[in-house]
Amino acid sequence: MPPAPPYSAHLDTFARDRLPPPQELPELLFEGPALQFPDVLNCATELLDRWVERGNGERLCVQGHGVRWTYAELQRQANRIARVLVEDLGLVPGNRVLLRGANSPMLAACWFAVVKAGGIAVGSMPLLRARELVAIVDKAQVSHALCDARLADALTQALPACPTLRQVSMFGADFGGELEARAAAKPATFDNVATGAQDTCLIAFTSGTTGVPKGTMHFHRDVMAACACWPPHVLRARPDDVFIGSPPLAFTFGLGGLLLFPLSIGASTVLVEKTAPEALLQAIAQFGASVCFTAPTSYRAMAAMARQHDISSLRKCVSAGEALPAATRQLWLDTTGIQIIDGIGSTELLHIFISADEAHARPGATGVPVPGYRAVVLGEDGLEAPRGQVGRLAVKGPTGCKYLDDARQANYVQGGWNLTGDAYLVDDDGQFVYQARTDDMIVSGGYNIAGPEVEGALLLHPAVAECGVIGVPDDARGMVVKAVVVLRPGFEGDAAMVTALQDFVKQTIAPYKYPRRIEFSASLPRTETGKLQRFRLREPA
Ligand code: 3UK
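Heads up: the sequence shown begins at 3 in the working numbering, then just goes up one per residue.
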């Protein structure tokens with residue numbers, strides 16, 4: 003007999019009906035008491051209501067510009083919005099709700115409202131345009147949207163092409179606070195839907211650069227599992243910590259680091275919309291933040307201006323999204339005395355699965371598998387590669403890839419392992435060392451060259467602010483290494499600089515890896531999540 007389907011509270015079975023077939027699911031590991039979950043589980047109850055129930059309702063929970071909410075206040079806000087969703091907008095458990103806004107306490111309240119009501123939160127990056135929103139709404143068959151009025155334009159333009167999206171409610175002063183007014187009229191109580199541990203509560207779209215976006219489904223259990231692995235074992239923050247950072251809540255790096263993880267330990271978080279390096283430094287000083295999440299380039303940029311700000315409250319800094327160059331780790335250490343916690347995570351696995359705390363941080367390496375996860379490097383034969391050999395990173399743990407109705411599931415999950423698309427090696431100490439995205443390895447004159455290693459070397463040169471290294475087609479060598487370099491103020495991008503940088507790389511790493519071509523640029527193309535868009539560097543200017 004096939005196993006009975008898991009308990010569910012979803013009346014709208016859209017997500018469950020579109021899970022990958024069982025044989026394409028990753029193997030899951032639930033080792034230890036912290037990873038045992040009941041069949042009925044609502045992560046909003048665990049992360050938010052639990053604190054109020056236990057008498058901690060007056061603890062500070064979330065701050066923004068002009069906002070300072072305790073746990074009880076966030077609960078009341080979320081409860082009222084949940085009532086608007088259910089009583090006014092007809093939300094049924096299992097419906098998908100698009101969330102649209104820059105990071106703010108109100109966006110956090112909306113996220114909890116959706117999850118309390120048994121809905122599925124679908125985040126959207128603030129910068130998305132109408133056509134990108136249409137793709138997401140269509141793929142996830144979104145029925146409701148809660149949208150910051152300042153980002154209404156793209157959504158309004160998308161609406162005619164979104165037949166499933168029946169209910170849109172706007173928040174923020176620019177629209178007279180429509181959602182806020184409706185919410186204010188509601189009682190501040192709400193009975194959370196008793197969702198199943200394996201009911202989907204979140205569909206996170208990948209920041210993929212090509213093709214139709216992929217929706218990754220995450221259960222209530224996945225959210226709690228992510229909170230039980232990396233945060234207590236690697237981050238080890240305290241209830242009196244104040245979290246802050248740049249990644250949007252629509253990106254699971256931000257959702258975990260700036261909302262789920264602080265609330266899982268009763269700490270507080272700062273959600274501000276302006277998170278460019280200078281603004282983030284100001285916010286750290288203003289709010290006395292102690293735990294910061296951002297991308298490697300942001301640490302690099304902040305290091306240059308950190309001395310103009312009082313950021314003495316900071317005690318832990320987390321970097322993810324891209325490989326952390328050794329030069330950036332050193333620069334931040336020299337500037338602040340803080341050893342960055344690097345970690346690789348993915349939208350598919352929800353959060354970080356390989357990382358190192360301050361004491362185990364090794365320049366140029368990501369770290370070791372986070373307790374709860376296993377990771378191996380697979381050689382071309384599909385077997386575990388010997389130490390020191392580059393291969394494909396494969397991971398399994400209590401979370402794993404579940405694409406919404408997508409044939410690409412079979413690319414990411416093979417033989418029960420999640421294949422992240424990264425080339426890695428394991429060194430003699432068992433540390434995982436990032437090489438490149440597998441598609442970004444440069445094969446030149448018979449050598450395999452990883453662009454990020456060349457970038458790491460260039461970043462050690464005092465003239466280099468930022469750089470991106472790619473392979474470009476070449477008749478003689480198949481590909482040659484090309485660097486696009488942003489110089490620091492006061493340096494000239496002339497022929498002498500090209501030679502100086504090439505010589506510098508040759509002296510820093512194996513000479514065959516040096517960039518035969520160097521181009522200077524005022525900036526580099528990046529995604530909203532801080533990732534370098536290499537494909538755009540490859541496009542002819
Ligand atoms: C790359 C890294 C080297 C790597 C993410 C933390 O980035 C996140 O999710 P995405 O789905 O991208 C995943 C891919 O990004 N990457 C991320 N972190 C690192 N490469 N060192 C790192 N520290 O290619 C990975 O496969 O956008 C990161 C938490 C949650 C996330 N969603």
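The beta carbon of each residue, even a glycine, is placed where N, CA and C say it ideally should be. All figures in this text were calculated on a predicted structure; none of them were measured in a lab.
**Message:** So, for residue 525: in the same chain, excluding its five sequence neighbours on each side, which residues have a beta-carbon less than 7 Å away from its beta-carbon?
**Reply:** Same-chain partners within the cutoff: 488.
**Request:** Would you mind giving the Cβ-Cβ distance between residue 282 and residue 105, rounded to the nearest angstrom? I have them listed as a contact below 8 Å.
**Result:** At roughly 11 Å, the Cβ-Cβ gap does not stay under 8 Å, so residue 282 and residue 105 are not in contact.
**Paired residues, beta bridge with residue 85 - DSSP** = BP columns for residue 85 are empty, so no partner.
**Request:** Starting from residue 404, trace the alpha helix (DSSP H) both ways and give me its first and last residue.
**Result:** Segment: none, residue 404 is in no alpha helix (DSSP H) and carries neither H nor E.
**Request:** Helix, strand or coil for residue 95, going by three-state DSSP, please let me know.
**Result:** In this structure, DSSP gives residue 95 a state outside helix and strand, which the three-state scheme calls coil.
**Request:** Just grab the DSSP bridge partners of residue 475 for me.
**Result:** In DSSP, residue 475 forms a bridge with 481.
**Request:** Tell me, please, which residues DSSP counts as bridged to residue 344.
**Result:** According to DSSP, residue 344 bridges with 321.
**Request:** With hydrogens ignored, establish whether the beta-carbon of residue 592 is closer than 6 Å to any heavy atom of the ligand 3UK.
**Result:** This structure gives no information on residue 592, because the portion of the chain shown stretches from 3 to 543.
**Message:** Does the distance between the C-beta of residue 424 and the nearest non-hydrogen atom of the ligand 3UK fall short of 6 Å?
**Reply:** Yes, the beta carbon of residue 424 sits closer than 6 Å to at least one heavy atom of the ligand 3UK.
**Item:** CB-CB length for residue 147 against residue 102, believed under 8 Å
**Value:** Yes, they are in contact, since the Cβ atoms of residue 147 and residue 102 sit about 6 Å apart, within 8 Å.
**Prompt:** Do residue 356 and residue 320 come within 7 Å of each other at the CB atom, strictly closer than that value?
**Reply:** Residue 356 sits away from residue 320, with the two beta carbons spaced by 7 Å or more.
**Prompt:** In angstroms, rounded to a whole number, what distance separates the CA positions of residue 226 and residue 373?
**Reply:** Roughly 15 Å between the two C-alpha positions.
**Prompt:** Is it a yes or a no for the stretch 265-281 touching the stretch 301-313, going by three-plus beta-carbon pairs under 8 Å?
**Reply:** The stretch 265-281 is in contact with the stretch 301-313.
**Message:** So the candidates are 108, 267 and 442; which of them puts its Cα closest to the Cα of residue 80?
**Reply:** If we check each option's Cα against that of residue 80, 108 comes out closest.
**Item:** residue 48, buried or exposed, once every other Cβ within 10 Å from all chains shown has been counted against 16
**Value:** The residue is buried, with at least 16 neighbouring Cβ atoms inside 10 Å.
**Asked** Can you name the start and end residues of the beta strand (DSSP E) that residue 374 belongs to?
**Response** Unbroken run through residue 374: none, as it is neither H nor E.
**Item:** Environment of residue 214 [buried if 16+ CB atoms lie within 10 Å]
**Value:** By the 10 Å Cβ count, residue 214 comes out exposed.
**Message:** Whole angstroms are fine: how far does the CA of residue 119 sit from the CA of residue 454?
**Reply:** Here the alpha carbon of residue 454 sits roughly 44 Å from the alpha carbon of residue 119.
**Request:** Would you check whether the ligand 3UK has a heavy atom nearer than 6 Å to the C-beta of residue 171?
**Result:** No, Cβ of residue 171 sits at least 6 Å from all heavy atoms of the ligand 3UK.
**Request:** Measuring alpha carbon to alpha carbon, tell me which of 376, 476, 140 and 24 ends up nearest residue 396.
**Result:** Checked all of 376, 476, 140 and 24; the closest Cα to residue 396 is 376.
**Asked** Leaving out five residues before and five after residue 135 in sequence, what residues of the same chain have Cβ atoms less than 7 Å from its Cβ?
**Response** Hits under 7 Å: 126, 156, 157 and 160.
**Message:** Quick test of your reading: residue 87 and residue 121, contact by CB under 8 Å. State the CB separation rounded to the nearest angstrom.
**Reply:** Yes, residue 87 and residue 121 are in contact; Cβ-Cβ is about 7 Å, under 8 Å.
**Asked** What do you reckon, is the C-beta of residue 266 under 6 Å from a heavy atom of the ligand 3UK?
**Response** No; taking the cut-off as 6 Å, the Cβ of residue 266 has no heavy atom of the ligand 3UK nearer than that.
**Prompt:** Going by the CB atoms, is the gap between residue 317 and residue 300 shorter than 7 Å?
**Reply:** No, they are not a contact pair.
**Item:** Cβ neighbours of residue 486 in the same chain (closer than 6 Å, five flanking residues each side left out)
**Value:** Exclusion of the five residues before and after residue 486 leaves 470, 521, 523 and 539 as the residues of its chain whose Cβ lies within less than 6 Å of its Cβ.
**Request:** Check the C-beta distance from residue 482 over to residue 446 and give it rounded, since I have them as a contact under 8 Å.
**Result:** Right, the Cβ-Cβ distance comes to about 6 Å (below 8 Å), so this counts as a contact.
**Request:** Check whether the Cβ atoms of residue 271 and residue 64 sit closer than 7 Å, and answer yes or no.
**Result:** The answer is yes: Cβ separation under 7 Å.
**Request:** Could you tell me which residues DSSP puts in a beta bridge with residue 311?
**Result:** Answer is none; residue 311 lacks a bridge partner.
**Item:** Alpha-carbon to alpha-carbon, residue 466 and residue 460
**Value:** Each residue's alpha carbon lies about 7 Å from the other.
**Request:** Report back the beta-carbon spacing between residue 345 and residue 325 to the nearest angstrom; my notes put them in contact at under 8 Å.
**Result:** About 11 Å; that fails the 8 Å criterion.
**Prompt:** Exposed or buried, what is residue 421 when buried is set at 16 or more other beta-carbons lying within 10 Å of its beta-carbon?
**Reply:** By the Cβ-count criterion, residue 421 is buried, with 16 or more other Cβ atoms from all chains shown falling within 10 Å of its own Cβ.
**Request:** Answer yes if the stretch 50-67 comes into contact with the stretch 25-37, meaning at least three C-beta pairs across the two stretches below 8 Å, and no otherwise.
**Result:** Here the stretch 25-37 does not lie against the stretch 50-67, with fewer than 3 beta-carbon pairs under 8 Å apart.
**Asked** To which residues of the same chain is residue 332 closer than 8 Å at the C-beta, ignoring the five residues directly before and after it?
**Response** Answer for residue 332: 365, listed in chain order.
**Beta-carbon proximity of residue 206 to residue 197, cut-off 7 Å** = Going by C-beta atoms, residue 206 is not nearer than 7 Å to residue 197.
**Asked** Which of the three DSSP states, helix, strand or coil, is assigned to residue 220?
**Response** The answer is strand: DSSP assigns residue 220 an E or B state.
**Prompt:** Going by DSSP, which residues form a beta bridge with residue 446?
**Reply:** Residue 446 pairs with 449.
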